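Structure first, then comments.
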Amino acid sequence: MSEKDHQPTDFIRQVIEEDLKSGKHKEIVTRFPPEPNGYLHIGHAKSICLNFGIAQEFEGQCNLRFDDTNPAKEDVEYVDSIKEDVRWLGFDWGDNLYFASDYFEQLYTWAVDLIKEGKAYVDDQTAEEMSKGRGNLQTPGENSPFRDRSVEENLALFQEMRDGKFGDGEKVLRAKIDMAHPNMNMRDPVLYRITHIEHHRSGDKWCIYPMYDFTHGQSDALEGVTHSLCTLEFEHHRPLYEWFIDNIDVPSKPRQIEFAKLQLTYTMLGKRNMRFLVENDYVSGWDDPRMPTISGIRRRGYPSEAIRNFCHNVGVTKFKSTHDIGLLENEVRQVLNRDALRFMAVLDPLKVIVTNYPEEKVEEMDAVKNPEKPELGTRKVPFCRELYIERDDFMEDAPKKFFRLKPGGEVRFRCAYWLKCEEVIKDENGEITELHCTYDPDTRGGENPPDGRKVKGTIHWVSARHAVDAEVRVYDRLFKEENPDAAEGSFLDYLNPNSIEIKNAKLEPGLGEIEVGETVQFERLGYFCVDTDSSDDKKIVNRTVPLRDSWAKIAQKS
RNA sequence: AACCCCGUGGUGUAACGGUAGCACAACAGAUUUUGGUUCUGUUUGUCAAGGUUCGAAUCCUUGCGGGGUUGCCA
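Just so it is clear: in the first sequence, position 503 is 492 by my numbering, and no numbers are missing.
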C-alpha cells in the first residue's frame, strides 16, 4: 500500500516517469495550446486538467500558449475568455503565457534555413492544382513543377511573399519531403500561406502566416516543452512534427503524445455546431447554462472541483470512448451535497391553509443549514397560517407508495409540524386551488408526537406571507439523443424541446440574500444557482442539477 | 480496401506473464425530519481463432469490428 498505488496512472504519466527516471528530463514542461477562435468547452477541460495536472504532480511547469497562426478566425475576445476559464478551473500558468505569434520572426528565419538547405520551396500552383498533385490515399502524388527551383530563386520569392508582392493564395512555401509518402501529411506540406489579414496581435506586420504544423513543434521546442500532449486527430501529424524538430536547429526536442478527446452522451462539442446554436438563437449565448462550454457550466452552477474530479475519473487513453453525462452530474452532486447550504423553495406552488393555526401568529422554526456540516448550525424559517407546498406533493387519488399529502392523510412539514389534509378546495373547472389542513401542536419542529403515531412522508413548504418570488429556470439536457452528432439527419432534429422550463417559484425568505453565482440546495428538489440575469427586484435562479429521485422511478413504473 | 490508431461488464477505467479490481449505472436491503445523504449486498466483462508458456486481458500470428487520414484550418 505505498502512495504509488493510489496515483492515477496512465500511459502518458508512465512515459513521463520513465523520462524522469532515465534522466532524459530533469523537469517536466507541458502546455495548453488553444487557438483563440472560440470558447472553451468541457472537452478542453480534460486537456487543461491533464496538462496542468501533470505539471503539478511532477512539480514541473505548464504554459498557456495561444496558437494564433490563423488571423482569419481569431480574436482577442477569445483570448480573454480562455484565460478566465482556465483560471476558474483552478489552474495558474504564472509567468508562462505565450503566443505563437511572438515566434513569427524566428519561424521565418527557420523557414529560410530550410530553403537554404534545399528542404523547402516556393510553389506557384493553385490550391486545386496542389490538391490534385498530392494524389490520394491509394495513389502517390506527383512532384510540383516548381519543386526544383534554385535556392536563390526560392529565397528571393519567399522574401517577396513576405514583402507583400503577391496576393492571397498566389504562392505558398512547401517543405520538400516525399510526394509518394503513405502519410499524406508528408507529401510536401505547406509551411506558409499568404493572407492579407490583420492579426489581432501582430497587426499588419505580416501577410504570410505559418501553418499549424510548422508552428507547433517549434513553439514547443522554444519553450522547452518536454511532452506535447494533444488529441488523437494529430496522430498522423507526428511524423511531420518530428521532421521539423529533426531538420531545424531547435533548442530542445519535445515529444508529441496523443490521447483521445472527451466525448459525452447527450452532448455536442463540435465548435461549428455549437456556433450554429448560438447564432441562430437556439440558446441564449455561449454561456447559456445548457451549453457544454466552461462558461455555460460555470453559469449553470457546476463547481470547478466537480469538473476536475470528473476529468480525473475519466482517465487518459487512446480509446475513443463516450462518457455518460450522468458521471459528471454525479460528481457535481457529490461536491454540492458536501458544500451547498439547504433551503426550502416551492417551484409549483399550491396554497395550504392551516385552519387551526392563529391568523396573526408567526413562529421561527429551526432548520439545519447543511446536515453534512452540522458545525454550521441552523437557520430560522418562518411558519404561519398560509403556506405553499409543491403541487406534486399532493395527490387526490394516491397510490399506496405515495408517502406525501393526500385527503385525510398526515405528513410532516419539514422542521415545522405534522399536518393533516382535511379539505380539498377546487375552482369551477375542478382545479385544486387550496388545501385546508390542521396541525398538531405536539409535533413542533416536526418531532414525533407522544402518542406514537407514525408518518411516512416529509415535505417542504414556504410561508406564503414571507416568501420571496423568483424566476426559476429548470434546465434539462439540450439533446434527446445520446449521440446527436452521429445520429441520422441534423442534430437539430434531436434538440430537446423542454430543455428549459420557467417556473414562478416561492422561496424561503433567507434565499433573498444569496448572491449571484452561489449554489444552494432546495431541499428535495436539487441544486440551484443564482443567475447573472438577476436584478435587485427580480431574482433568477438556475437549476444546476436535480437530486436523485427514487420516487420518480417508482412513479414511472406504475 | 494505402497507411496509422484502437477493441476489458450497460458506460468508462485498472491489472505491465501469476486471484479480472474500481467508479458510475441497474437491482435488493438497512438507516434517515430531504423518496436526498450514508451503509450493506447482488447482477453483468477480457472481440474471435490459433500459437508461445507451468500459467495469457497482457507476448506472437491471422481474422473480425470500430475510428482516423486526400485544408493554403487547428
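Every residue gets a Cβ at the ideal spot worked out from N, C-alpha and C, and that includes glycine. Owing to the predicted nature of the structure, the values given are computational and were not obtained by experimental measurement.
Secondary structure at residue i, three-state DSSP: helix, strand or coil?
i: L424; result: strand
i: V214; result: coil
i: I17; result: coil
i: I118; result: It is Glu, not Ile, that sits at residue 118 in the sequence shown. Note: E118 maps to helix in three-state DSSP.
i: F80; result: coil
i: P363; result: helix
i: Y198; result: strand
i: D(-6); result: Confidence is the limiting factor: at D(-6) the pLDDT is only 38, short of 50, which leaves the residue's position unreliable, though a coordinate-based value still follows. Helix, per DSSP.
i: Y230; result: helix
i: W450; result: strand
i: A249; result: coil
i: K170; result: Looking at the sequence provided, one finds His at residue 170 rather than Lys. Coil.
i: D386; result: coil
i: C38; result: helix
i: I543; result: helix
i: T508; result: strand
i: E471; result: coil
i: P438; result: coil
i: D137; result: coil
i: P430; result: helix
i: E502; result: helix
i: T533; result: strand
Quick one: Cα of residue i to Cα of residue j, how far?
i: G206; j: T215; result: 11 angstroms
i: E106; j: K242; result: 20 angstroms
i: D226; j: C518; result: In the sequence under discussion, the amino acid at residue 226 is His, which differs from the Asp named in the question. Near 43 angstroms, if we compare the C-alpha coordinates of C518 and H226.
i: D113; j: D157; result: 12 angstroms
i: G42; j: A249; result: 17 angstroms
i: E48; j: L9; result: 12 angstroms
i: L317; j: Y406; result: 37 angstroms
i: F480; j: L103; result: 45 angstroms
i: P129; j: H170; result: 7 angstroms
i: E582; j: L218; result: Outside the modelled stretch of the chain, which goes from -10 to 547, sits residue 582, for which no answer is possible.
i: L514; j: R20; result: 41 angstroms
i: I5; j: G79; result: 23 angstroms
i: W77; j: R279; result: 18 angstroms
i: F147; j: G192; result: 20 angstroms
i: K492; j: E16; result: 54 angstroms
i: E(-8); j: N531; result: Confidence in E(-8) is poor, its pLDDT being 35 and thus under 50, which makes the residue's placement unreliable; the coordinate value appears in the next sentence. Their backbone Cα atoms lie some 41 angstroms apart in a straight line.
i: H30; j: D313; result: 16 angstroms
i: P347; j: D440; result: 24 angstroms
i: D84; j: E460; result: 43 angstroms
i: P363; j: P371; result: 21 angstroms
If contacts are defined as beta-carbon pairs under 8 angstroms, then residue i and residue j qualify, I think. What distance do you get, rounded to the angstrom?
i: V161; j: V179; result: 5 angstroms
i: V451; j: L496; result: 7 angstroms
i: I86; j: L53; result: In the sequence as displayed, the identity of residue 86 is Leu instead of Ile. About 5 angstroms separates the two Cβ atoms, so the contact holds.
i: K340; j: E353; result: Not quite, the Cβ-Cβ distance comes to about 21 angstroms (not below 8 angstroms), so this is no contact.
i: P292; j: V267; result: About 24 angstroms separates the two Cβ atoms, so there is no contact after all.
i: Y198; j: P60; result: 7 angstroms
i: R327; j: K358; result: Rounded, the Cβ-Cβ distance is 13 angstroms, inconsistent with contact.
i: A558; j: A334; result: Outside the shown range of the chain, which is -10 to 547, sits residue 558, and nothing can be said about it.
i: S488; j: Y516; result: Rounded, the Cβ-Cβ distance is 18 angstroms, inconsistent with contact.
i: K389; j: E399; result: That belief does not hold up - the Cβ atoms of K389 and E399 are roughly 16 angstroms apart, past 8 angstroms.
i: F93; j: W195; result: 6 angstroms
i: V324; j: E294; result: 5 angstroms
Buried or exposed for residue i, please, with buried defined as at least 16 other CB atoms from any protein chain shown within 10 angstroms of its CB.
i: Q127; result: exposed
i: D(-6); result: Legend: pLDDT at D(-6) = 38, less than 50; position of this residue unreliable, value from coordinates given subsequently. Its Cβ having fewer than 16 others within 10 Å, D(-6) is exposed.
i: E222; result: exposed
i: P281; result: buried
i: D57; result: buried
i: N125; result: exposed
i: D526; result: exposed
i: G499; result: buried
i: Q3; result: exposed
i: N40; result: buried
i: A210; result: buried
i: D74; result: buried
i: M173; result: exposed
Is residue j closer than 8 angstroms to residue i when the C-beta atoms are compared?
i: M168; j: N132; result: yes
i: P438; j: T432; result: yes
i: R297; j: I342; result: no
i: R176; j: R123; result: yes
i: R466; j: Y181; result: no
i: N472; j: T311; result: yes
i: E379; j: D429; result: no
i: D474; j: C404; result: no
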